[in-house]
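Anchor point for the sequence shown: position 59 equals 476 in full-length UniProt numbering, and the numbering is continuous, going up by one each time. For every residue, glycine included, the Cβ atom is placed at its ideal position computed from N, Cα and C. In this text, all values refer to a predicted model and were calculated from it rather than measured experimentally. Right, one structure below, let's go through it.
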Amino acid sequence: AKENGGNRFHFYSEDMTQDALRKMSLEEELRQALQEDQLTVYYQPQYDLGNKKLVGVEALVRWNHPEKGLVAPMEFIPLAEERGLINQLGLQVLQKACTQCAQWLNEGFDPGILAVNISARQLTERQVPEQISQILKFTGWPVHRLELEVTESFFISDTQRSLAVLNQLRDMGIKLAIDDFGTGYSSLSYLKQLPISKLKIDRSFTRDLIDDAEDRAISEAIIALGKSLGLQVIAEGVELEGQADILIHEGCDQAQGYLYGKPMSAEQFSLLAAANPVS
Ligand code: C2E
Ligand code: CA
Ligand code: CA
Ligand code: CA
């Protein structure tokens, strides 16, 4: 048994090395991607459940890898966070998305509110509000049309500084939404301190809304909580009419998901925007 254990340890440490090497080369490739402009942005529509109109668009990063093709964010966002590349990445996405949306607006397509994901890590960097402000000025995207989606995880580290950054962003006129709401570990009491305007119900609750009484109860509770705090509520991951019907019945304001549209290239999204002019 002792020998076996030794072998296992041997394999385990070899795996660790493999893993470390794989990460190192991915990090190198990612640095190159940031330098050589290999990131691209996909857009997913957000709809008002009352009047069924397009009210916004979420920017979702994709890596246009020279050999691997389009790489999904889960393959590189965690590494970018770990290796200190996430702010640079996030700002590139923001700049691309603001440029695109400003162009749409100029062309007479109104995409509504632009929602961009911001990593909890970025909120610990003091220069972030100024960097975002520069991008808005440079691209001409109106500040009140920008919404940043942040997960509850920001509360775990450096809360005071993150709160200060969030307050600064809010004071600039930027909207803030809590992403993946309900999946974090923090207490609800933080909600009243936060300068937020929207809760985003996580897909894990939307998914089984039709069959799972618990998930229905949770989504109902989140919507009621949002309402009583004066916040907007949007559900993500809506794939079925039945889910949308329940959300409408529960009083949810907005929805996003494959039912309305998958994340798509700017080109594809233009066609959708043209078909759904917003007044
Ligand atoms: P998220 O912010 O919760 O984004 C929602 C994810 O659900 C997206 O995956 C989207 O493609 C997917 N989705 C949307 N509607 C549906 C649906 O109806 N059904 C199903 N099954 N999935 C749906 P994606 O694009 O792969 O992004 C994954 C995560 O990567 C995002 O989760 C977000 O946390 C992160 N991410 C994406 N872009 C950025 C970025 O620019 N910056 C940062 N920091 N994170 C990003
Ligand atoms: Ca999001
Ligand atoms: Ca989510
Ligand atoms: Ca359940």
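Inter-residue spacing [alpha-carbon to alpha-carbon] between His482 and Gln449: Residue mapping note: residue 482 aligns to position 65 of the sequence shown, counting from 1. Residue mapping note: residue 449 aligns to position 32 of the sequence shown, counting from 1. The straight-line gap from Cα to Cα measures roughly 10 Å.
Have a look at Thr600 and Leu583 and give me their C-alpha separation to the nearest angstrom. Locating residue 600 in the sequence shown gives position 183, where the first residue counts as 1. Locating residue 583 in the sequence shown gives position 166, where the first residue counts as 1. Roughly 20 Å between the two C-alpha positions.
Which residue comes first and which comes last in the beta strand (DSSP E) that contains Arg479? Sequence index remark: in the sequence shown, residue 479 carries index 62 (1-based). Annotation: the continuous beta strand (DSSP E) that includes Arg479 extends over Leu471 to His482.
Residue nearest to Glu667 in terms of C-alpha spacing, selected from Gln685, Ser682 and Lys644: Stepping through the sequence shown from its first residue, residue 667 is reached at position 250. It is Lys644 whose Cα lies nearest to the Cα of Glu667.
In the DSSP output, what is Gly486 paired with across the bridge? Position 69 of the sequence shown, counted from the first residue, corresponds to residue 486. Note: Gly486 is bridge-paired with His482 in the DSSP secondary-structure output.
The alpha helix (DSSP H) spanning Ala514 covers which residue range? Counting from one through the sequence shown, the residue named residue 514 turns up at place 97. For Ala514, the enclosing alpha helix (DSSP H) starts and ends at Ile503 to Asn523.
State yes or no: is the C-beta of Ile595 within less than 8 Å of the C-beta of Glu569? The count along the sequence shown starts at 1 and reaches residue 595 at position 178. The count along the sequence shown starts at 1 and reaches residue 569 at position 152. Contact flag set, yes.
Could you spell out the range, first to last residue, of the alpha helix (DSSP H) harbouring Ile640? The count along the sequence shown starts at 1 and reaches residue 640 at position 223. Segment Ala630 to Ser645, the alpha helix (DSSP H) holding Ile640.
Give every residue of the same chain whose Cβ lies closer than 7 Å to the Cβ of Ala519, excluding the five residues on either side of it in the sequence, and list them in chain order. Here residue 519 refers to the residue found at position 102 when the sequence shown is read from its first residue. The residues are Thr556, Gly557 and Trp558.
If you draw a straight line from the C-alpha of Ala581 to the C-alpha of Gln461, how long is it? Looking up residue 581 in the sequence shown gives position 164. Looking up residue 461 in the sequence shown gives position 44. Distance between the alpha carbons of Ala581 and Gln461: 30 Å.
From what residue to what residue does the alpha helix (DSSP H) around Leu616 run? Numbered from its first residue, the sequence shown carries residue 616 at position 199. Where Leu616 is concerned, there is no enclosing alpha helix (DSSP H), although the beta strand (DSSP E) around it starts and stops at Lys615 to Ile618.
Below 7 Å, is the gap between the Cβ of Arg620 and the nearest heavy atom of ligand 1? In the sequence shown, residue 620 corresponds to position 203, counting from 1. The answer is yes for Arg620.
Asp454, buried or exposed, once every other Cβ within 10 Å from all chains shown has been counted against 16: Translated into the one-based positions of the sequence shown, residue 454 becomes position 37. Exposed, by the Cβ-count rule.
For Arg578, I'd like the list of residues in its chain whose CB is within less than 6 Å of its CB, leaving aside the five on either flank, ordered along the chain. For this step, residue 578 is matched to residue 161 along the sequence shown. Result list for Arg578: Thr541, in chain order.
Asp597 Cβ short of 7 Å to ligand 5 heavy atom set: Summarising the ligand content, the structure contains ligand 1, ligand 2, ligand 3 and ligand 4 and does not contain ligand 5.
Less than 8 Å between the beta carbons of Ile618 and Ala661, yes or no? The residue labelled residue 618 in the question sits at position 201 within the sequence shown. The residue labelled residue 661 in the question sits at position 244 within the sequence shown. No, the Cβ-Cβ distance between Ile618 and Ala661 is not below 8 Å.
Excluding the five sequence neighbours on either side, which residues of its own chain have a C-beta within less than 6 Å of the C-beta of Ala683, listed in chain order? Position 266 of the sequence shown, counted from the first residue, corresponds to residue 683. For Ala683, where only same-chain residues beyond five positions count, the Cβ hits under 6 Å are Gln517.
For a test of your reading of the model: does the CB of Glu524 fall under 7 Å from any non-hydrogen atom of ligand 3? Yes or no. Against the sequence shown, residue 524 aligns to sequence position 107. Distances taken from the Cβ of Glu524 to the heavy atoms of ligand 3 include none shorter than 7 Å.
For Asp588, which three-state DSSP category applies? If you number the sequence shown from 1, residue 588 lands on position 171. Here Asp588 sits in helix by DSSP.
Distance, Cα to Cα, Leu522 vs Tyr459? Numbered from its first residue, the sequence shown carries residue 522 at position 105. Numbered from its first residue, the sequence shown carries residue 459 at position 42. Pairing Leu522 with Tyr459, the inter-Cα distance amounts to about 17 Å.
Quick check on the DSSP output: what are the complete alpha helix (DSSP H) runs of length 4 or more inside the region 519-583, in order along the chain? Qualifying alpha helix (DSSP H) stretches, in chain order: 545-556.
Would you say Glu631 touches ligand 3, meaning its beta carbon is less than 7 Å from a heavy atom? Start at 1 with the first residue of the sequence shown, and residue 631 comes out as number 214. Checking the Cβ of Glu631 against ligand 3 gives no.
Less than 8 Å between C-beta atoms, sequence neighbours within five positions excluded: which residues of the same chain meet that for Leu688? Here residue 688 is taken as the residue at index 271 of the sequence shown, counted from 1. Cβ neighbours of Leu688 beyond the five flanking positions: none.
Contact under 8 Å by Cβ, Ser636 with Leu648: Walking along the sequence shown from the start, residue 636 turns up at place 219. Walking along the sequence shown from the start, residue 648 turns up at place 231. It is not a contact, given that the beta carbons lie outside the stated cut-off.
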